[in-house]
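J.: Residue numbers (the numbering used here), protein chains in the order written: chain A, 331 to 672; chain B, 81 to 316. Even glycine gets a Cβ: it sits at the ideal position worked out from N, Cα and C. Shown below is the structure under consideration.
This is the structure in structure tokens:
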């Protein structure tokens, strides 16, 4: 299929190159995303998917939404994209309603369930979305091919029917269409589910590039470590309510268990349970368990963890690995309800 | 109207093997009749409605069932624009098939020295095109209400119901039943008899208004229904 014809209704915006899609907010100002008192119910009000949710996402910010299944995360994304009608409340993207067509000119969306047009070929699919997005028709094929390459798909993959794509390829193609035209707002629903480690690294790099270009990311994911890597702030959603909104730096103030592993070249006198306990106590860390060549310490914060490692190294413990038992987000996730469920 | 959506619709239809097979058979069978049988005339080429049904079945329901609409409406495309583009694309494609078939058919008739007069041909062609646009609009409405190709089934069932009511009316001598069947038939297959309209006699404005109001109502309702529909798997 060749979508090389004129762009309908004269809708045109920036290409897939370096420049972000120009905002069309009132007065051309970027105001990010504002959600106020958002409520959404299903089944005639029996199921309250979102309950008076209010939050704001600053322009250029990477904002994560995490929470258990059925918490209302996908509903929130659906409302942000104008695919769902809220019962009450207000959403503004760049000062405009979420379902405003001008907003959709500057947004990209990667759904969790990648139901793409299976009868199309990969490259045609990108050209189709390039046209739908109102991008420059003269550069359609070129930019579609570049988008394909950007997500690590080959020209041969692009000529293949989408119905033959693996889950990982679909995810890459989905991201390629979301990135078309360098959107100013990117809504990603479980962006790295079902992709291989190489794909995960590619996604990280692409999202990092988008951030550097000033794009605002809203990421809904269960992959807490990835959210932690990418996002500036995270909203914990549970039972349709935002339980807390935390900046990731705030996680540094939370206590955690650090698993320390040492090498065989360590001083044997330094790695006895007694000595390890003394080293920890000296820097405010309590030794929880020792199973050579490993020990578990409870530390107060990031600084406490760093000081503990320095002390152990100085005492002749050749630390080869020190990892938190749970990521900062996992702990934040558990803390609001104190229920210990992930 | 969105040319991109129309192009995508045509491509989607062309990639569906059962659909193409059905349309090919409805395209070629009447032509074979005209080629080998004398005196058949234009009557065998009342295929506009069939082309409209085969081209239009699942016009919106298929996209809705497959889940592709979510991604589509995340783009700067209004739902009204989508509905009208699908309708126009399907109706234009079915009209083109009808006209192509008619052109070949007239050629075959000419071989038998049975070519119709230009006026008769123009009225027949116009009637077929109106029938295509009318039927496509009804399918479009059904398609916003029913998943997959449920609209195809709905239009067939409604058509059979109309016929059954008229049959029942004849059996039980119930004129109201006949009227009900007639109205259902008129709704399912909106058409205008251009022969009567341009025949020089009194114009039946009821027929004209009935046709255009059916088409308009179907399009308007389809847009309203799709506008009200929520498109997220969060609703499941």
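Roughly how many angstroms separate the alpha carbons of residue 447 of chain A and residue 84 of chain B, rounded to a whole number?
T.: Each residue's Cα considered, the two are about 14 Å apart.
J.: Strictly by DSSP, which residues pair up with residue 563 of chain A?
T.: Partner(s): A:393 and A:577.
J.: Quick one: is residue 598 of chain A buried, meaning 16 or more other Cβ sit within 10 Å of its Cβ, or exposed?
T.: It is exposed - the Cβ of residue 598 of chain A has fewer than 16 other Cβ atoms within 10 Å.
J.: So, is the C-beta of residue 369 of chain A closer than 8 Å to a C-beta in chain B?
T.: So, not an interface residue.
J.: Against chain B, does residue 458 of chain A count as a neighbour if the rule is that its beta carbon must be under 8 Å from one of theirs?
T.: Chain B contact via Cβ: present.
J.: Since residue 227 of chain B and residue 141 of chain B are thought to touch, with beta carbons under 8 Å apart, how far apart are those beta carbons, to the nearest angstrom?
T.: Indeed they touch by this definition, with Cβ atoms about 5 Å apart.
J.: To which residues of the same chain is residue 578 of chain A closer than 8 Å at the C-beta, ignoring the five residues directly before and after it?
T.: Contacts found: 558, 561, 562, 563, 564, 658 and 659.
J.: Tell me, please, whether the region 644-652 of chain A touches the region 587-605 of chain A by the rule of three or more beta-carbon pairs shorter than 8 Å.
T.: With a cut-off of 8 Å, the region 587-605 of chain A and the region 644-652 of chain A count as touching, because enough Cβ pairs lie within range.
J.: On the DSSP letters alone, give me the boundaries of the beta strand (DSSP E) that residue 591 of chain A sits inside.
T.: Per DSSP, residue 591 of chain A belongs to the beta strand (DSSP E) from 586-592.
J.: Measuring only between beta-carbons, confirm whether residue 493 of chain A sits less than 8 Å from chain B.
T.: For residue 493 of chain A, the answer is no, since every Cβ of chain B falls outside 8 Å of its Cβ.
J.: Go to residue 387 of chain A, then tell me how far its beta strand (DSSP E) extends in each direction, as first and last residue.
T.: Looking at the DSSP string, the run of the beta strand (DSSP E) that includes residue 387 of chain A is 377-387.
J.: Does the pairing of the region 123-141 of chain B with the region 208-225 of chain B give three or more beta-carbon distances under 8 Å?
T.: Counting Cβ pairs under 8 Å, three or more are found: they touch.
J.: Mark residue 454 of chain A as exposed unless 16 or more other C-beta atoms lie within 10 angstroms of its C-beta, in which case mark it buried.
T.: Buried, since its Cβ has 16 or more Cβ neighbours within 10 Å.
J.: Sorted by chain position, which residues of the same chain lie with C-beta nearer than 7 Å to residue 618 of chain A's C-beta, five sequence neighbours on each side aside?
T.: Cβ within range, chain order: 587, 626, 627 and 628.
J.: Anything in the region 449-479 of chain A with a Cβ closer than 9 Å to a Cβ of chain B? List those residues in chain order, please.
T.: So the list reads 449, 450, 454, 458, 459, 461, 462, 463 and 464, given in the order they occur along the chain.
J.: DSSP state of residue 553 of chain A, grouped into three classes?
T.: Coil.
J.: Spatial neighbours of residue 132 of chain B within its chain, please: CB distance less than 6 Å, with the 5 preceding and 5 following residues excluded, ordered by chain position.
T.: Cβ within range, chain order: 174, 212, 215 and 216.
J.: Given 8 Å as the limit, is there contact between the region 377-396 of chain A and the region 537-551 of chain A, that is, 3 or more CB pairs closer than that?
T.: Yes, they touch.
J.: Is it true that the CB of residue 134 of chain B sits closer than 8 Å to the CB of residue 95 of chain B?
T.: No; because the gap between Cβ atoms is not below 8 Å, this pair is not in contact.
J.: Of all the alpha helix (DSSP H) runs that stay within the bounds of the region 254-295 of chain B, which reach a length of 4 or more residues?
T.: The qualifying runs are 255-268 and 274-277.
J.: List the DSSP bridge partners of residue 423 of chain A.
T.: In DSSP, residue 423 of chain A forms a bridge with A:363 and A:426.
J.: Bridge partners for residue 438 of chain A per DSSP, in chain order?
T.: DSSP, once it has assigned bridges, lists A:516 as partnering residue 438 of chain A.
J.: What did DSSP end up calling residue 195 of chain B once you bin it into helix, strand or coil?
T.: Coil, per DSSP.
J.: Out of B:198, B:124 and B:170, which one is the CA nearest neighbour of residue 108 of chain B?
T.: Minimum Cα distance to residue 108 of chain B is reached at B:124.
J.: With residue 640 of chain A as the anchor, note down where its alpha helix (DSSP H) starts and where it stops.
T.: Residue 640 of chain A -> alpha helix (DSSP H) spans 632-644.
J.: Grab me the residues of residue 357 of chain A's own chain with a C-beta within less than 6 Å of its C-beta, minus the 5 sequence neighbours each way, in chain order.
T.: Note that residue 357 of chain A scores a pLDDT of 42, beneath 50, so its modelled location is shaky; the value from the coordinates is reported in the next line. There are no such residues.
J.: Which runs of the alpha helix (DSSP H), 4 residues or longer, sit entirely within the region 116-199 of chain B?
T.: Runs of the alpha helix (DSSP H) inside the region 116-199 of chain B: 128-136, 141-146, 149-152 and 159-191.
J.: Any idea if residue 624 of chain A is buried or exposed, counting beta-carbon neighbours within 10 angstroms, 16 or more meaning buried?
T.: With fewer than 16 other Cβ atoms within 10 Å, it is exposed.
J.: Which term fits residue 103 of chain B, buried or exposed, when burial requires 16 or more other beta carbons within 10 angstroms of its beta carbon?
T.: Its Cβ being crowded by 16 or more others within 10 Å, residue 103 of chain B is buried.
J.: Name the two residues that bound the continuous alpha helix (DSSP H) containing residue 651 of chain A.
T.: Taken as a continuous stretch (DSSP letters only), residue 651 of chain A belongs to no alpha helix (DSSP H), being part of the beta strand (DSSP E) at 649-654.
J.: Under 8 Å, Cβ to Cβ, is there at least one residue of chain A near residue 147 of chain B?
T.: Taking Cβ atoms only, chain A reaches closer than 8 Å to residue 147 of chain B, which makes this a yes.
J.: Classify residue 81 of chain B: buried if its beta carbon has 16 or more other beta carbons within 10 angstroms, exposed otherwise.
T.: Exposed, by the Cβ-count rule.
J.: If I measure Cβ to Cβ from residue 459 of chain A and keep anything under 7 Å in the same chain, skipping five residues before and after, which residues do I get?
T.: Only 507 and 510 meet the Cβ criterion.
J.: Tell me which residue opens and which closes the alpha helix (DSSP H) that residue 613 of chain A is part of.
T.: Note, residue 613 of chain A: premise wrong, no alpha helix (DSSP H); not H, not E.
J.: Following the continuous beta strand (DSSP E) through residue 625 of chain A, name the residue where it begins and the one where it ends.
T.: It spans 624-629 - the beta strand (DSSP E) in which residue 625 of chain A sits, taken as one unbroken run.
J.: Taking 8 Å as the cut-off, decide whether the C-beta atoms of residue 195 of chain B and residue 189 of chain B are in contact.
T.: Their beta carbons are under 8 Å apart, which means residue 195 of chain B touches residue 189 of chain B by this criterion.
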